[in-house]
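Notes to accompany the following structure.
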Amino acid sequence: MVRIKGRSLTDPVRLRAGAWVLWATTLVGVLIVVRTQTFYYADQSPFRATLASPVFALLTWRIPRLRSEALAAGAAVVAFWAPPGGTYVWPLIAAFSLLATVEERRRVVVSAWVGGVAGAVLAIMFNPASASPVPFLAVGLGGGVGLLIRYRMRVTELVERADELSGQARWLEQRAVMARELHDVIGHQVTAIVIQAEAGLVTDAEGALRAIGALGRTALGELDSMVDHLRDLNTDLQVSAPPQLSDIDELLAAPLRLQGVATTVHISADVELNDVQALTVYRIVQEALTNVARHAQATESWVEVVRLDRHLRVRVTDNGVGPPSTLDPVARRGSGLIGIRERVAAQAGSWELAGRLGGSTVIDVVLPLEPRL
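Reading the sequence shown from the start, the letters are residues 49 to 421 in the numbering used here.
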């Protein structure tokens, strides 16, 4: 879109101001022509009517609620008092129609057109010699150009609104990404710190403290990166290297074992994933095992990642108290189920959360894969 001094050529304020300038310029030109043409006439009504027309325009500024009536009266007066054969006054009627059309309220458009047409009809009724199609053409021309400008302004406003909404959508999307990163990265680090601290009470306290220190430094570094990114969105978001499937046992299962949850991890040798798929599987397992650590009260858990022809199955099972009840909103909110659902949906997969008789929870995820060559 072309812009001059930072403002669009289709800016509504600029266009309305231009309509007023055009109307004023037309008024001055018509006044000069009418005065010249009727200077020696005994009847000076056309000149007086043209000279009085600014009064109706000024009323639109002083009394905004009478804008419709004032513009209609101005167009009617000029049309009615036009001299016979004096086609030189019709540009002013067209300017009145144009000015009315670019105004805010729709009824102004209709009334101004009706006013111009009514004035021309009355002039013909009182003076048949003045019959001419020119006033009607003038009203149509001015109103038609005004409608084009009005629609252009409306389109511009809609485009600007769409741009604004698009910016808001991008901002909300960035917020969602940041929230997910905080939950996936920082939240997992903090959960691991808690697990290490609890394990240190009953096992190797010195080793637990070293692990807590390493986890805390990693979490602080990634948190600083997120804060820098929030301050300046052009700053890249720096997080630790993307995890791989081989990291599941060391980074996710090992902390659970320290907590006393015997965790078995089985990943089929024929599973080959790209970085996005590997990260998705890792985060799903992370969410599920974090749920085991926080809510399941389990003593055993199993992680299984296998390929089923064109699909990948990720299953996490425990022998705990079962899935969170739908009547327990706190457990539901903190169980990471929302994160699992979002990640599975992003990969066009499916998932199921189920319980078994006597307790335990099963999270079963199926993701589509490219066929083998």
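Don't be surprised by glycine CBs; every beta carbon is placed ideally from N, CA and C.
Spatial neighbours of Asp-412 in its own chain (CB-CB distance under 6 Å, excluding positions within 5 residues in sequence) are listed in chain order as Arg-363 and Glu-400. For Gly-368, the closest of Ala-105, Leu-107 and Leu-405 by C-alpha to C-alpha distance is Leu-405.
If the five residues before and after Val-103 are omitted, its C-beta is found closer than 7 Å to no C-beta atom of its own chain. With 16 or more other Cβ atoms from the protein chains shown falling within 10 Å of its own Cβ, Trp-71 counts as buried. Contact check for Arg-228 against Gly-403 fails: the beta carbons are separated by 8 Å or more. Cβ neighbours of Gly-397 within its own chain (closer than 7 Å, five residues either side excluded): Val-413, Val-414, Leu-415 and Pro-416. It is roughly 39 Å from the alpha-carbon of Trp-219 to the alpha-carbon of Leu-356.
Residue environment: Ile-80 is assigned as exposed (fewer than 16 neighbouring CB atoms within 10 Å of its CB, all protein chains considered).
Inter-residue distance for Val-340 and Ala-346 is about 7 Å (C-alpha atoms, whole angstroms).
Spanning the alpha carbons of Ala-210 and Ala-143 requires a straight line of approximately 32 Å. Take Thr-365, set aside five residues on each side of it, and the residues of its chain with a beta-carbon closer than 6 Å to its own are Trp-350 and Val-410, in chain order.
Burial state of Arg-279 is exposed, judged by a 10 Å Cβ sphere holding fewer than 16 other Cβ atoms.
The Cβ atoms of Thr-74 and Pro-139 sit closer than 8 Å to each other. Listed in chain order, the non-local C-beta contacts of Glu-352 below 6 Å within the same chain comprise His-314 and Arg-363, local neighbours out to five positions each way being set aside.
Using a 10 angstroms sphere on the CB of Gln-216, the tally of other CB atoms stays under 16, which defines it as exposed. Here the alpha carbons of Val-329 and Glu-390 stand approximately 12 Å from one another.
Ala-301 is a Cβ neighbour of Leu-337, given a cutoff of 8 Å. Boundaries for Val-364: no alpha helix (DSSP H) harbours it, while the beta strand (DSSP E) harbouring it runs 359-366, taken from the DSSP string. Just so you know, the alpha carbons of Thr-266 and Glu-212 end up roughly 37 Å apart. Apart from sequence neighbours up to five positions away, the residues of its chain that approach Gln-292 with a beta-carbon distance below 8 Å are Ala-326 and Tyr-330, ordered along the chain.
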